[in-house]
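Data block below; observations after.
Protein chains: 2
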Amino acid sequence: MENQTNIHQHDHQFSDAERQAVYKSIYSRRDVRGQFKPDPIPDEVLARILQAAHHAPSVGFMQPWNFLLIKSQQVKQQVHDLFKKANHEAGEMFEQETQRQIYSTLKLEGILESPINLVVTCDRERAGPVVIGRTHDMAMDVYSSVCAVQNLWLAARAEGLGVGWVSIFDRLELKKLLQLPTQVTPVAYLCIGYVEHFFVEPELKTAGWLDRLPLQDLVFFDQWENSHAEHEEKLVKYLSQAAY
Amino acid sequence: MENQTNIHQHDHQFSDAERQAVYKSIYSRRDVRGQFKPDPIPDEVLARILQAAHHAPSVGFMQPWNFLLIKSQQVKQQVHDLFKKANHEAGEMFEQETQRQIYSTLKLEGILESPINLVVTCDRERAGPVVIGRTHDMAMDVYSSVCAVQNLWLAARAEGLGVGWVSIFDRLELKKLLQLPTQVTPVAYLCIGYVEHFFVEPELKTAGWLDRLPLQDLVFFDQWENSHAEHEEKLVKYLSQAAY
Numbered sequence: 001m002e003n004q005t006n007i008h009q010h011d012h013q014f015s016d017a018e019r020q021a022v023y024k025s026i027y028s029r030r031d032v033r034g035q036f037k038p039d040p041i042p043d044e045v046l047a048r049i050l051q052a053a054h055h056a057p058s059v060g061f062m063q064p065w066n067f068l069l070i071k072s073q074q075v076k077q078q079v080h081d082l083f084k085k086a087n088h089e090a091g092e093m094f095e096q097e098t099q100r101q102i103y104s105t106l107k108l109e110g111i112l113e114s115p116i117n118l119v120v121t122c123d124r125e126r127a128g129p130v131v132i133g134r135t136h137d138m139a140m141d142v143y144s145s146v147c148a149v150q151n152l153w154l155a156a157r158a159e160g161l162g163v164g165w166v167s168i169f170d171r172l173e174l175k176k177l178l179q180l181p182t183q184v185t186p187v188a189y190l191c192i193g194y195v196e197h198f199f200v201e202p203e204l205k206t207a208g209w210l211d212r213l214p215l216q217d218l219v220f221f222d223q224w225e226n227s228h229a230e231h232e233e234k235l236v237k238y239l240s241q242a243a244y
Numbered sequence: 001m002e003n004q005t006n007i008h009q010h011d012h013q014f015s016d017a018e019r020q021a022v023y024k025s026i027y028s029r030r031d032v033r034g035q036f037k038p039d040p041i042p043d044e045v046l047a048r049i050l051q052a053a054h055h056a057p058s059v060g061f062m063q064p065w066n067f068l069l070i071k072s073q074q075v076k077q078q079v080h081d082l083f084k085k086a087n088h089e090a091g092e093m094f095e096q097e098t099q100r101q102i103y104s105t106l107k108l109e110g111i112l113e114s115p116i117n118l119v120v121t122c123d124r125e126r127a128g129p130v131v132i133g134r135t136h137d138m139a140m141d142v143y144s145s146v147c148a149v150q151n152l153w154l155a156a157r158a159e160g161l162g163v164g165w166v167s168i169f170d171r172l173e174l175k176k177l178l179q180l181p182t183q184v185t186p187v188a189y190l191c192i193g194y195v196e197h198f199f200v201e202p203e204l205k206t207a208g209w210l211d212r213l214p215l216q217d218l219v220f221f222d223q224w225e226n227s228h229a230e231h232e233e234k235l236v237k238y239l240s241q242a243a244y
């Protein structure tokens, strides 16, 4: 394991500017539902964000993902029909009339307007039945595909591309429509494209649906619900400060 | 929604150097199991990577995560005991003797050596029973917590911190040990600390367990298994080139 040639001798450290750039991608990333421009995405750029996804961590190095790129307007329309059906069902699920009212005004996808739709999947059988690290939690492979989504999302933001994750589908109908094999799960349906602008804040925050939770309330020490451990006052103070 | 004050007027674009820094974090991130140094992590740094996690995308903006920081050697030891038990079971699951042999030589966690262990959880009831975007896929909240893990992992890499995800536990026993409430799922158990060095390649690749898959074989166009669509030759060429 301690193979010398496999050790990062150079570039181990990030400069302050490089570190800031990573945080910039994290803080300025948005879930984009509108504002898509029809401009095509150059192949080099598309290849780069797919490579970023492909370099996500994966349990047992199984790399369970595939990337189904959808440009066909016909396929997009069929997927949009599935969304519309599920979204109507979703709107009815909220108990309060005000919630149903707000829900109906929300734009939750950009399937037809974004130049590229991308399905990130998980092949549960990619590396055989027994996978290192998946032996005691069979969901770990799906989590690997989610990590690929997040890598792609941050890379896309750095490329000036907006990404929106659409999850309001009957998954079985989506799987059937896309003709995915039995062992392949559709993990994320993404809409990708250049955008008019990025919002500063999540749209659901701006819409007054929910506020950002105070981070210091979400951090516990050694035991569940122990939020004010001895000697941790300084960390709690930092957590309570705005991130940027 | 088109609230002008919520639009990024500045900093919309990333410079080439900023973009490269994001890719650097993605490509040089490793799943660290050994090489941890005991050096404490400054509170400012720890707060920054937790803020990065907290700014992950979350379904319906529900922010379902908590962060349980474990420094107690006693708790770490109890968790390590759970790992040992599960890892022994795991080793027995591989069919081939050579696989069992290799498995037994792999170091798969740094629970006791890393100064901080961090449990990232998902509170399934954080935002009530009906959540925007979770109506048709109840796993979406867990995926949000996974996105938080990946944000933290990349931020940690930019801070020079190694992170390892340990998944070889009986999850119910882990949940009981950590006294998590019924509705809270432990999504990721992470070991975090400064490291002697980062490996250039994933350790399972170096060990000859699995190779990195050719990305161009994983990308399909409009239809499952359609890997050579018309007019996509240029993209396929880019996909087949090394990422870095």
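The listed protein sequences derive, respectively, from chains A and B.
First residue of the first sequence: 1, per full-length UniProt numbering; consecutive thereafter.
First residue of the second sequence: 1, per full-length UniProt numbering; consecutive thereafter.
C-beta atoms are modelled at their ideal positions from N, C-alpha and C, and glycine is treated no differently.
Residue from the options whose Cα sits closest to the Cα of residue i
{"i": "Ala188 of chain A", "options": "A:Gln216, A:Tyr143 and A:Trp224", "result": "A:Tyr143"}
{"i": "Asp222 of chain B", "options": "B:Leu215, B:Pro214 and B:His231", "result": "B:His231"}
{"i": "Arg67 of chain B", "options": "B:Lys84, B:Arg33 and B:Val119", "result": "Checking the displayed sequence, the identity of residue 67 of chain B turns out to be Phe instead of Arg. Nearest of B:Lys84, B:Arg33 and B:Val119 to Phe67 of chain B, Cα basis: B:Val119."}
{"i": "Lys76 of chain B", "options": "B:Ala242, B:Met93 and B:Glu109", "result": "B:Glu109"}
{"i": "Ser145 of chain A", "options": "A:Val59, A:Lys84 and A:Pro42", "result": "A:Val59"}
{"i": "Arg124 of chain A", "options": "A:Pro186, A:Arg171, A:Asn117 and A:Ser15", "result": "A:Pro186"}
{"i": "Phe61 of chain B", "options": "A:Glu233, A:Leu210, A:Phe220 and A:Val236", "result": "A:Leu210"}
{"i": "Arg19 of chain A", "options": "B:Leu178, B:Glu89 and B:Leu161", "result": "B:Leu161"}
{"i": "Lys237 of chain B", "options": "B:Pro40, B:Val219 and B:Trp224", "result": "B:Val219"}
{"i": "Trp165 of chain A", "options": "B:Leu177, B:Pro64, B:Cys147 and B:Gln179", "result": "B:Cys147"}
{"i": "Ala156 of chain B", "options": "B:Gln179, B:Tyr194 and B:Arg212", "result": "B:Tyr194"}
{"i": "Glu201 of chain B", "options": "B:Tyr27, B:Ile7 and B:Ser15", "result": "B:Tyr27"}
Neighbouring residues, chain A, relative to residue i (Cβ below 9 Å)
{"i": "Leu161 of chain B", "result": "Chain A residues near Leu161 of chain B: none, gap ~11 Å exceeds 9 Å."}
{"i": "Val130 of chain B", "result": "Ala90, Met93, Phe94, Glu95 and Gln99"}
{"i": "Leu154 of chain B", "result": "Val22, Ser25, Ile26, Gln150, Asn151 and Leu154"}
{"i": "Leu180 of chain B", "result": "Trp224"}
Cβ of residue i within 7 Å of any chain B Cβ
{"i": "Met140 of chain A", "result": "yes"}
{"i": "His10 of chain A", "result": "Because His10 of chain A carries a pLDDT of 48, less than 50, the predicted location of this residue cannot be relied on, and the following value inherits that uncertainty. It does not: the Cβ of His10 of chain A has no partner Cβ on chain B nearer than 7 Å."}
{"i": "Ser227 of chain A", "result": "no"}
{"i": "Asp222 of chain A", "result": "yes"}
{"i": "Phe83 of chain A", "result": "no"}
{"i": "Ile192 of chain A", "result": "no"}
{"i": "Pro57 of chain A", "result": "yes"}
{"i": "Ile41 of chain A", "result": "no"}
Per-residue contacts from residue i into chain B (C-beta, under 7 Å)
{"i": "Ser25 of chain A", "result": "Val22"}
{"i": "Cys147 of chain A", "result": "Val146 and Gln150"}
Beta carbon proximity, residue i to chain A, threshold 7 Å
{"i": "Ser240 of chain B", "result": "no"}
{"i": "Arg124 of chain B", "result": "no"}
{"i": "Phe199 of chain B", "result": "yes"}
{"i": "Thr19 of chain B", "result": "Here residue 19 of chain B turns out to be Arg, not Thr, going by the sequence shown. Closer than 7 Å: yes."}
{"i": "Pro44 of chain B", "result": "Residue identity differs from the one stated: residue 44 of chain B is Glu in this sequence, not Pro. Judged by the 7 Å Cβ criterion, Glu44 of chain B is in contact with chain A."}
{"i": "Lys234 of chain B", "result": "yes"}
{"i": "Pro38 of chain B", "result": "no"}
{"i": "Gly208 of chain B", "result": "no"}
{"i": "Gln73 of chain B", "result": "no"}
{"i": "Ala90 of chain B", "result": "yes"}
{"i": "Thr135 of chain B", "result": "yes"}
{"i": "Ala158 of chain B", "result": "yes"}
{"i": "Leu172 of chain B", "result": "no"}
{"i": "Leu213 of chain B", "result": "yes"}
{"i": "Leu177 of chain B", "result": "no"}
Residue burial classification, residue i (beta-carbon count within 10 angstroms, cutoff 16)
{"i": "Glu203 of chain B", "result": "buried"}
{"i": "Ala53 of chain A", "result": "buried"}
{"i": "Glu95 of chain A", "result": "exposed"}
{"i": "Thr121 of chain B", "result": "buried"}
{"i": "Asn3 of chain A", "result": "Confidence in Asn3 of chain A is poor, its pLDDT being 47 and thus under 50, which makes the residue's placement too unreliable to answer from."}
{"i": "Thr135 of chain A", "result": "buried"}
{"i": "Ala242 of chain B", "result": "exposed"}
{"i": "Pro40 of chain B", "result": "exposed"}
{"i": "His55 of chain B", "result": "buried"}
{"i": "Glu159 of chain A", "result": "buried"}
{"i": "Pro64 of chain A", "result": "buried"}
Within chain A, the residues that residue i reaches when beta carbons sit closer than 8 Å
{"i": "Arg100 of chain B", "result": "Chain A residues near Arg100 of chain B: none, gap ~10 Å exceeds 8 Å."}
{"i": "Leu204 of chain B", "result": "Gly60, Phe61 and Ile132"}
Partners in chain B for residue i, counting only beta-carbon separations shorter than 9 Å
{"i": "residue 267 of chain A", "result": "For chain A, the structure presents residues 1 to 244; residue 267 of chain A sits outside this window and is missing."}
{"i": "Leu218 of chain A", "result": "Leu50, His54, Gln63, Trp65, Asn66 and Phe67"}
Contacts of residue i in chain A (Cβ-Cβ under 7 Å)
{"i": "Leu78 of chain B", "result": "Position check: residue 78 of chain B holds Gln in this sequence, whereas Leu was assumed. Those do not exist, as Gln78 of chain B stays about 11 Å from chain A at its closest Cβ, beyond 7 Å."}
{"i": "Ile70 of chain B", "result": "Asp222"}
{"i": "Tyr143 of chain B", "result": "Val146"}
Within chain B, the residues that residue i reaches when beta carbons sit closer than 8 Å
{"i": "Ile7 of chain A", "result": "His197, Phe198, Phe199 and Val200"}
{"i": "Gln13 of chain A", "result": "Gly160"}
Tell me which residues of the stretch 104-117 of chain A have at least one Cβ-Cβ distance to chain C shorter than 8 Å, keeping chain order. Absent here is chain C; the protein component of the structure consists of chains A and B.
Within the stretch 110-157 of chain A, ranges of the beta strand (DSSP E) (whole runs, at least 3 residues): Along the length of the stretch 110-157 of chain A, whole beta strand (DSSP E) runs at least 3 residues long occupy 116-123, reported in chain order.
Along the chain, which unbroken stretches of the alpha helix (DSSP H) at least 4 residues long are found entirely within the stretch 71-97 of chain A? Taking 4 residues as the shortest admissible run, the stretch 71-97 of chain A contains the following complete alpha helix (DSSP H) segments, listed from N- to C-terminal end: 73-93.
In chain order, what are the residue ranges of uninterrupted alpha helix (DSSP H) at least 4 long that sit wholly in the stretch 28-67 of chain B? Counting whole runs of 4 or more residues, the stretch 28-67 of chain B contains the alpha helix (DSSP H) stretches 43-54.
Ranges of the beta strand (DSSP E) found wholly within the stretch 159-188 of chain B, counting only runs of at least 3: 161-166
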